[in-house]
Structures are given as structure tokens and as C-alpha cells.
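A short worksheet on the structure shown next.
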Amino acid sequence: MSMPLFEPTRDPGPDFSSLLQRVGLSPFAAVPDRSGSPLELTHATTCVALRYAGGVVMAGDRRATSGNLISHREMEKVLPADRWSGVAIAGAAGPAMEMVKVYQLQLEHYEKVEGVALSLDGKANQLSQMVRANLPAAYQGMVVVPIFAGWDHRRGLGRLFDFDVTGGRYEERNQVATGSGSLQAGTVIKLGFREGASVDEAVDLALRALWEAADVDSATGGPDLVRGIFPVVAVIDGEGFRRIDDGDLERRFRLLVESLGGAR
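Count along the sequence shown from 1, then add 6; that gives the number in the working numbering.
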């Protein structure tokens, strides 16, 4: 294989990945364009997380879509990583669920071998490496972008982390959103967030964020009062990870509808 040469008038440009594609040397060059393919990946959509005075609230809608079709109405996107932390997933559903299962097993294995749990920063770093390892699949459209949150025993507070597709790890101060409805959901939380909020106020704000996202984003599912399907909402604090009961969520959503005057 000869070294590609470029004339002065043919600038190779700063993007090395694009250059490899142009000269036919990219390891992903043989991957077909999926834009017109009948293969439709199932995608999880909107998840949010925010801090409150005593910890962190995580929430995710239940809808999974394949193109313009609703694939699943009851997918759970907010899952415990271990007793003191949780993961919310968005992106290609299959790889995301597999990643979470392996991640849960790794944290459990570490604790059994070392006799102590991994630090919260260590857990975030481990998840970052897993997202980075998924980069080849991301080039083929199977992107996984999670949110990680947990209770930091050393600092005595809840912390939030989000990631980019390359595995970049970023700690957020107050709130984070991911998925197709993240713009709307994140805006609602940003406008409604206040320091020192109670857990009830944080849960209500997360539900309002998902409600507004579902109102404008077809891939985000709102509460289904007929089927009894509600978002998955979890609280992580000094007592650990716990999920909010659906009966409580139904009551909160009905109050939300009443506060809006039944307009939607």
C-alpha cells in the first residue's frame, strides 16, 4: 500500500477521519449508509437528572422508537448501577442495555474483590471507558450516551455526570438532560431549578420537564393514564437508590394536568 500524496491544490484538511474516508483507508469505509436501509435501530430517548438539597433525582420516559414507529412503550431507561448510583440511558437501546448490565457486573465484581465499593469518580471513569469502547459501533449509528449520578460518601452530596460519544466525562453542577427531547427538558429544568429544593420539588420539576419534552418531541413518551405507564423516576441520596412508586407518579401527573387547566 503506497502513501497517499496530495498536490498543493488538494489540501487534506484537519479532519483525519474524513481524510481516511476520502482515500478509502477508513476501517468504517465498508459500513453501508443506513439512511436508506430497511434496518431501523430501536432508540431510547429522553432522560434527565438534577440535584436537590439531599441528593439527586433521575427520570426517563418509557418510549423506545424505531424510525417513526413506537417499538416499546414500557422501556426502563433509569437503572441502578449499584446501591449508591444510577445510570440513565439514551441512544441505541440494545447496546445501551448491554452496557448497563456489564457495568453493573463490573461494579459488583470490584466490590467483591477489593472489599470496598469503587469511589463515585471511579465509577464515572469506568463508565466513560465503556462509552469510549463503543465508539466503533457509534460510527455505525449505534450511539450510546448515558447520564450517571450517585451519592458521594466522601463529600456527603449527590453528583451528576454526562458523557459524549467519545467517552468524554463531564461533571455537571445542577442538571443534565440527554436524548431527543433533551433541549426542551433541559430548558424546563434550567428555568425551574433552585438551590435547596426539596426532593418533592425536584421530582415534580423532572416530571414537568419530561411532560414538556413529550409535548413537542414524538420520540419522547408522556404519561399514559389509560395503560398506567409512567416515567421511571429514582432518587439517590444517603439512603441509596430508590425508585418512586407509579401510584405516586400518577398522583403528581394528575395534579400537573389540573395545574395546566387540562389544556393538553
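Even glycine gets a Cβ: it sits at the ideal position worked out from N, Cα and C.
Rank the options by C-alpha distance to the C-alpha of residue i and give the top, closest one.
i: Val54; options: Gly192, Leu11, Ser125 and Ser186; result: Gly192
i: Pro152; options: Ser91, Gly202 and Pro14; result: Ser91
i: Leu133; options: Gly156, Val119, Ile76 and Glu120; result: Gly156
i: His159; options: Val119, Gly267, Gly128 and Lys118; result: Gly128
i: Asp67; options: Ala212, Ser265, Lys107 and Tyr145; result: Ala212
i: Gln135; options: Gly228, Gly147 and Asp168; result: Asp168
i: Leu124; options: Arg89, Ala208, Arg179 and Gln181; result: Arg89
i: Ser265; options: Asp210, Thr15, Gly61 and Leu231; result: Asp210
i: Ser72; options: Val122, Arg257, Ala220 and Ala50; result: Ala50
i: Glu218; options: Glu245, Asp243, Gly244 and Ala183; result: Ala183
i: Val232; options: Glu177, Leu113 and Arg79; result: Arg79
i: Glu207; options: Gly162, Phe236 and Leu255; result: Leu255
i: Ala130; options: Leu111, Tyr145 and Phe154; result: Phe154
i: Pro203; options: Leu11, Val63 and Pro14; result: The identity of residue 203 in the sequence shown is Ala, whereas the question assumes Pro. If we check each option's Cα against that of Ala203, Val63 comes out closest.
i: Arg3; options: Leu56, Leu11 and Arg16; result: The requested residue 3 is not part of the displayed model; the chain covers only 7 to 270.
i: Arg260; options: Gly246, Phe247, Gly228 and Ile242; result: Gly228
i: Gly162; options: Leu111, Lys107 and Ile242; result: Ile242
Can you look up residue i in the DSSP assignment and give me helix, strand or coil?
i: Leu47; result: coil
i: Phe167; result: strand
i: Met64; result: strand
i: Val37; result: Reliability fails at Val37, whose pLDDT of 49 lies under 50, so the model's placement of it is uncertain and the value that follows must be treated cautiously. In the structure shown, Val37 sits in coil (DSSP, three-state: anything other than H, G, I, E or B).
i: Val93; result: strand
i: Pro237; result: coil
i: Thr71; result: strand
i: Val122; result: coil
i: Arg5; result: There is simply no residue 5 to check, as the chain begins at 7 and stops at 270 in what is shown.
i: Ser77; result: strand
i: Thr226; result: coil
i: Arg257; result: helix
i: Arg16; result: coil
i: Met2; result: As displayed, the chain neither begins before 7 nor continues past 270, which places residue 2 out of reach and without an answer.
i: Ser265; result: helix
i: Asn140; result: coil
Quick check: residue i and residue j, are their CB atoms within less than 7 Å of each other?
i: Thr48; j: Ala70; result: yes
i: Met81; j: Val150; result: no
i: Ser186; j: Ala225; result: yes
i: Arg214; j: Val238; result: no
i: Val119; j: Ala240; result: no
i: Gly244; j: Gly164; result: no
i: Ala87; j: Leu113; result: yes
i: Gln190; j: Val222; result: yes
i: Val205; j: Tyr58; result: yes
Kindly identify the DSSP beta-bridge partner or partners of residue i.
i: Tyr58; result: Gly61
i: Phe199; result: Phe199 is not bridged to any residue.
i: Phe247; result: Ile242
i: Val232; result: In the DSSP output, where bridge partners are listed per residue, Val232 has none listed.
i: Ala183; result: Val54
i: Phe154; result: Val93 and Phe167
i: Leu85; result: Val93
i: Ala98; result: His49
Confirm the yes/no value for this check: CB of residue i, any heavy atom of the ligand MN, distance under 6 Å.
i: Arg57; result: For the structure depicted, the ligand MN is absent and the ligand set is empty, with no information on it obtainable.
Original post:
Are there three or more Cβ pairs, one per stretch, closer than 8 Å when the region 93-103 is compared with the region 195-215?
Top reply: no
Subject >> Meets three-Cβ-pair contact criterion under 8 Å: the region 244-257 and the region 100-109 >> reply: With a cut-off of 8 Å, the region 100-109 and the region 244-257 do not count as touching, because too few Cβ pairs lie within range.
**OP:** Spell out a yes or no on whether the region 159-175 and the region 133-150 are touching, meaning 3 or more CB-CB pairs, one atom from each, closer than 8 Å.
**Re:** yes
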